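Presented below is the structure to which this report refers.
Residue numbers (the numbering used here): 137 to 685.
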């Protein structure tokens, strides 16, 4: 494919605008008088992100390249259709539940990361255990976003995949490196404006192009392919619900999601930002839905793209930019490509800052070097941003499947991290023993259940499934089952171990996590809250002591 010069110029202009915004935000943050710690300033913007910027950055964190491209792909795909384009419903659920359930307690307790509750309540061992899947999930999300962006740029602009990935990763890394959350938040504002204006500007031209049929007709009739509304068969209902809940609820356990709540000026404004983001994310999905419908209503043989169709060429994942290129005027398509690029960049910087936050705050500062100075922590933050960017970039060259990275990151969040987060925040019964057992058993159940999308065969075959194309398809929502299993295991084994230690069945010298260290004498003294306490949140203990007095 020949190099698309106008598109390349537009992309360079967009990257320059985003980079300039990041540098400006960095200078603004350095000129501002700060009273918080270095981690609060760099990683949370000193908890001073106002409502307007908060709404923009909350929305832009999830309305990324995978969101914009994935919705159009699902609507266009003849085997899926609109009914399977779940991301608007998933993220709306995530924002609403996140605002109602998590925003206030997380912000009230002034955590720096989503791992802090585990560190306070369970201690170092469980912290390391929870940080690892969280870090892996964020790095995989970087790889997923870069893969989506690289595939789009290489297909539409004619730039080699390796160059598009490396350049995009470098730009996101640089402005995240310079200004931390300030740069990420303010670049999210300009990126979201690009997405909104760019895609909505393109929609009328694509809908009115002379080649495509009326989408209201092809929604129900089999013309060039199956109707773009799609269908949901009875046997697929459990899979549909499982997919919806996996990202809808699992997204709340990502650090990049909670980081927006923690950086807000108040818990109330964090909640409002969540609810506003739920509405905006649905609005921003409409252009992708319409463009995907037009793609399904187009005779591609009448375009410069020709035949076979994008689906037959296995290029359905970039059908949105292909529509921009072939069904809209060139000057319009350039704007649309800038919008898609903006969407992808907004997810990359969020994930980079997210894994940096957890490594610096929870591992380096509190475990590896507790005496680290502010200057040292700043260098750790910078180095971690670069390392995360390099690893995420490298993963795109190992496997260029967006689905592969998406499955791994979302499954970790939903099946492993979310049940742990719910228990540590809201269940006083849970302790380190239950958390470890729940972590191991839920991970084991999820792996043994298999995943056909990445070629992982099931070892546990639930009754009622069927073999399709030599692959056993589970009849039940295995991700949700693994998440519920984790939740039950955490509570059950927490109770069992606490009971066995306290009744003397297990010697107290075997209590490596210290569930028996809260003594009656400690409860009699309001000021005697053990600093080594691993079995209960110190705040909860102090509240109970105050009530007792």
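All C-beta atoms, glycine included, are put in the ideal place defined by N, C-alpha and C.
Since we're looking at a predicted model, the values are computed, not measured.
Residue range of the alpha helix (DSSP H) that includes residue i
i, result
"residue 232", "223-233"
"residue 292", "260-293"
"residue 213", "It is not in any alpha helix (DSSP H) - residue 213 carries neither H nor E in the DSSP assignment."
"residue 625", "614-638"
"residue 531", "510-534"
"residue 421", "Element bounds for residue 421: n/a, residue is neither H nor E."
"residue 574", "568-584"
"residue 198", "187-198"
"residue 442", "First-last for residue 442: undefined, no H or E at that position."
"residue 491", "466-494"
"residue 384", "373-386"
"residue 241", "239-244"
"residue 354", "351-354"
Three-state secondary structure assigned by DSSP to residue i
i, result
"residue 604", "strand"
"residue 433", "coil"
"residue 400", "strand"
"residue 552", "helix"
"residue 344", "coil"
"residue 176", "helix"
"residue 461", "helix"
"residue 182", "helix"
"residue 609", "strand"
"residue 592", "strand"
"residue 659", "Confidence at residue 659 is low in this model, with a pLDDT of 35, below 50, so its placement is unreliable and the value that follows should be read with caution. Correct three-state label for residue 659: helix."
"residue 152", "helix"
Short Cβ contact (7 Å threshold) for residue i with residue j
i, j, result
"residue 566", "residue 626", "yes"
"residue 423", "residue 335", "yes"
"residue 694", "residue 527", "Not covered by the structure: residue 694. The range shown for the chain is 137 to 685."
"residue 304", "residue 285", "yes"
"residue 712", "residue 454", "Lying outside 137 to 685, the shown extent of the chain, residue 712 is not represented and no answer is given."
"residue 464", "residue 341", "yes"
"residue 569", "residue 615", "no"
"residue 229", "residue 613", "no"
"residue 623", "residue 555", "yes"
"residue 484", "residue 281", "yes"
"residue 348", "residue 233", "no"
"residue 432", "residue 330", "no"
"residue 235", "residue 393", "no"
"residue 317", "residue 180", "yes"
"residue 355", "residue 193", "no"
Own chain residues within Cβ distance below 7 Å of residue i, not counting five before or after
i, result
"residue 309", "488, 521, 522, 525"
"residue 471", "334, 337, 338"
"residue 403", "239, 240, 243, 244"
"residue 255", "263, 498, 502"
"residue 319", "158, 161, 162, 311, 312"
"residue 326", "153, 154, 157"
Close beta carbons around residue i, own chain, < 8 Å, minus the five adjacent residues each side
i, result
"residue 307", "151, 154, 155, 481"
"residue 584", "594, 595, 596"
"residue 512", "505"
"residue 359", "349, 353, 433"
"residue 655", "Reliability of the predicted coordinates at residue 655 is poor, the pLDDT of 36 falling under 50, and the value obtained from them is presented with this limitation in mind. Cβ neighbours of residue 655 beyond the five flanking positions: none."
Beta-carbon contacts of residue i that lie in its chain and below 6 Å, excluding the five residues immediately before and after
i, result
"residue 277", "487, 545"
"residue 149", "none"
"residue 660", "Since pLDDT at residue 660 reaches only 38, below the 50 mark, its modelled position is unreliable, and the value read off the structure follows with that caveat. Once the five neighbours on either side are set aside, residue 660 has no close Cβ partner at all."
"residue 557", "389"
"residue 143", "293, 470, 473"
"residue 636", "642"
"residue 560", "253, 254, 257"
Any C-beta of chain C under 7 Å from that of residue i
i, result
"residue 604", "No chain C appears in the structure shown, which is made up of a single protein chain."
**Item:** Any 3 or more C-beta pairs closer than 8 Å across the segment 249-264 and the segment 390-399
**Value:** With contact defined as three or more Cβ pairs closer than 8 Å, the segment 249-264 and the segment 390-399 are in contact.
**Prompt:** On the three-pair Cβ rule with 8 Å, is the segment 585-605 touching the segment 634-644?
**Reply:** The segment 585-605, when compared against the segment 634-644, does not touch it at the 8 Å Cβ threshold.
**Asked** Using 8 Å as the Cβ pair cut-off and three pairs as the minimum, do the segment 453-472 and the segment 381-397 touch?
**Response** These segments do not touch.
**Request:** Inspect the CB distances between the segment 187-207 and the segment 361-378 and report whether three or more fall short of 8 Å.
**Result:** The count of Cβ pairs closer than 8 Å, one atom from the segment 187-207 and one from the segment 361-378, stays below three, leaving the stretches out of contact.
**Prompt:** Is there contact here, the segment 220-230 with the segment 440-448, by at least three beta-carbon pairs under 8 Å?
**Reply:** Short answer: they don't touch.
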